[in-house]
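Under our numbering, the first residue of the sequence shown is numbered -10, with each subsequent residue one higher.
Worksheet: the structure to be examined is printed underneath.
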Amino acid sequence: MSELQIALSKSGLDLSSRMLQRDLQSLYDQGCFGLEKDTRSKPYGWSINSQWRGGNAKVMSSEMAEHYLLLEQLLPQSVPSDVKCSVHIKAEQAFKRFNGHVPEWLSTLPKSSLKVNIDTQLVEKIEHAIKHKRAVSAELYRVLYDEAHWLKFAELSFYNLVEQGGVLMAQFMVGEFHDKCYQMPVYRIRNVHILQKTRREPSNEQLKSLRSAINKDMKQEAIELIVKVPSHSAVNQGFIELGELIDKQQIDDKNVLFTYQTIDSEQLTDELFKCAHWLEVVKPEKLRQRITTKLKAAANIYK
């Protein structure tokens, strides 16, 4: 069975039958992947014709290369990691087939800059509160005195959702009297409850102050963070969040790999350093080196 067949079959493990049938129908209508449809029963049966089963051929045709590149674009986040890996390998071969140039029709496809799954229900609640100008109560993830906590806020006024560096951010005000505006990643917000109370509206001066603060922090880079943690760790149990989760992979009986989309900041470095006796930063290399430098400095102090 080719990687293509595996991808199509395993994607059904995480998608509803209706969604899978819809996606397969769309690919079938485009003549993709040599798909064949059996309409004698419902849901329809699907197969790949024999000409497309030679996935291990040394020379990839331009048609097959285009379809592997498209498959990589369409592959849902819910597909198992091994399938993503196998499709990515084929897509790299396809990329070489075109001498490093993506076909024009593929390069024009719209791409979402958000590379992660987000809590859609949470986002919908925040959007509802913004649209109807309602205040909310919620919990925010904060680091106080080097300890991470989920803090309950009785009243927040969300007034905007923006995307920054591939991360969805919420802009809000706190309470009834505090004048400062804040911006925080949506993944650091939970348990939003809409209140029967009109939200506060920021003034132009308050918005200008927030924009200045955001521009000052724009030098902070959006990164893909990969960490290796023990299966029994607080990260694996969901008590520590390092960003928006992209992927989670059990690599053996004792360890798990987590991949996050997050912002490279001093606060993130400090959080990772506190866990360095059991958490390993795999990527990016510059962050790994930063933690290593801190560990060496600490070891020198205790010699």
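Where a beta carbon is used, it is the ideal one built from N, C-alpha and C, also for glycine.
Note that the coordinates shown come from a computational prediction; the quantities given were computed from them, not determined experimentally.
Quiz item: What's the C-alpha gap between Val112 and Tyr249?
Solution: So the two alpha carbons sit approximately 19 Å from each other.
Self-check item: Euclidean distance between Cα positions of His117 and Phe166
Solution: 23 Å
Quiz item: Can you round the beta-carbon distance between Val125 and Ile183 to whole angstroms, since I take them to be within the 8 Å contact cut?
Solution: 5 Å
Quiz prompt | Residue burial classification, Arg200 (beta-carbon count within 10 angstroms, cutoff 16) | solution = exposed
Quiz item: Is the Cβ-Cβ distance between Asn225 and Val218 less than 7 Å?
Solution: yes
Quiz item: Exposed or buried, what is Gly34 when buried is set at 16 or more other beta-carbons lying within 10 Å of its beta-carbon?
Solution: Around the CB of Gly34, fewer than 16 other CB atoms lie within 10 Å, so the residue is classed as exposed.
Practice problem: Determine, using beta carbons only, whether Ser146 and Arg189 come nearer to each other than 7 Å. | Solution: yes
Quiz item: For Gly164, does the count of other Cβ atoms within 10 angstroms reach 16, so buried, or fall short, so exposed?
Solution: exposed
Quiz item: Fully enclosed by the segment 167 to 221, which alpha helix (DSSP H) runs are 4 residues long or longer?
Solution: The qualifying runs are 193 to 206.
Quiz item: Do the CB positions of Thr251 and Gly227 come within less than 7 Å of each other?
Solution: no
Self-check item: Residues bridged to Asn347 (per DSSP)
Solution: Since the first and last residues shown for the chain are -10 and 292, residue 347 lies out of range.
Quiz item: Taking Cβ positions, are Ile115 and Ala159 nearer each other than 7 Å?
Solution: yes
Practice problem: Alpha carbon to alpha carbon, how far is Gln172 from Tyr17? Give it in angstroms, no decimals. | Solution: 44 Å
Self-check item: The alpha helix (DSSP H) enclosing Leu257, as first and last residue numbers
Solution: Glu255 to Lys263
Practice problem: Give the range of the beta strand (DSSP E) segment to which Thr282 is assigned. | Solution: Thr282: not part of any beta strand (DSSP E); member of the alpha helix (DSSP H) spanning Glu274 to Ile290, first to last residue.
Quiz item: Can you tell which of Leu157, Lys285, Ala286 and Tyr291 has the C-alpha that lies nearest to the C-alpha of Tyr176?
Solution: Leu157
Exercise. Please report how far the alpha carbon of Leu257 lies from the alpha carbon of Leu234, in whole angstroms.
Key: 15 Å
Quiz item: Should Ile178 and Leu246 be called a contact, given that it needs their Cβ atoms to be closer than 7 Å?
Solution: no
Quiz item: Between which two residues does the alpha helix (DSSP H) containing Thr109 stretch?
Solution: Thr109 to Lys120
Exercise. Grab me the residues of Lys186's own chain with a C-beta within less than 8 Å of its C-beta, minus the 5 sequence neighbours each way, in chain order.
Key: Setting aside the 5 residues that flank it on each side, Lys186 is surrounded in the same chain by Arg123, Ala124 and Glu144, each with a C-beta closer than 8 Å to its C-beta; the list follows chain order.
Quiz prompt | 7 Å Cβ cutoff met for Pro273 and Ile229 | solution = no
Practice problem: Report the rounded CA-to-CA distance for His266 versus Asp253, giving the unit in angstroms. | Solution: 20 Å
Practice problem: Return the first residue and the last residue of the beta strand (DSSP E) that Leu24 is part of. | Solution: Leu24 to Asp27
Quiz item: Since Tyr249 is in the beta strand (DSSP E), which residue starts that stretch and which ends it?
Solution: Asn244 to Ile252
Quiz item: Of all the options Asn180, Gln14 and Asn149, which has the alpha carbon lying nearest to the alpha carbon of Cys170?
Solution: Asn149
Quiz item: Pick from Asn180, Ser30, Leu24 and Ala286: whose alpha carbon is nearest that of His56?
Solution: If you compare the alpha carbons of Asn180, Ser30, Leu24 and Ala286 with that of His56, the shortest gap goes to Leu24.
Quiz item: Per DSSP, what kind of secondary structure is Glu144 in: helix, strand or coil?
Solution: strand
Quiz item: Which word fits Ala286, buried or exposed, when buried means at least 16 other C-beta atoms lie within 10 angstroms of its C-beta?
Solution: exposed
Quiz item: Does the beta-carbon distance from Leu284 to Val270 come in below 7 Å?
Solution: no
Quiz item: If you draw a straight line from the C-alpha of Leu60 to the C-alpha of Gln10, how long is it?
Solution: 16 Å
Quiz prompt | For Gln(-6), the three-state DSSP class (helix, strand or coil) | solution = Any answer about Gln(-6) is weak, because its pLDDT of 49 lies below 50 and its placement is not dependable; what the coordinates show is given next. Looking at Gln(-6) - three-state DSSP - the assignment turns out to be helix.
Practice problem: Using 10 angstroms around the beta-carbon of Val151, count the other beta-carbons present and answer buried if the total reaches 16, otherwise exposed. | Solution: By the 10 Å Cβ count, Val151 comes out exposed.
Quiz item: Where does the unbroken beta strand (DSSP E) through Leu268 begin, and where does it stop?
Solution: Careful: Leu268 lies outside any beta strand (DSSP E) and carries neither H nor E.
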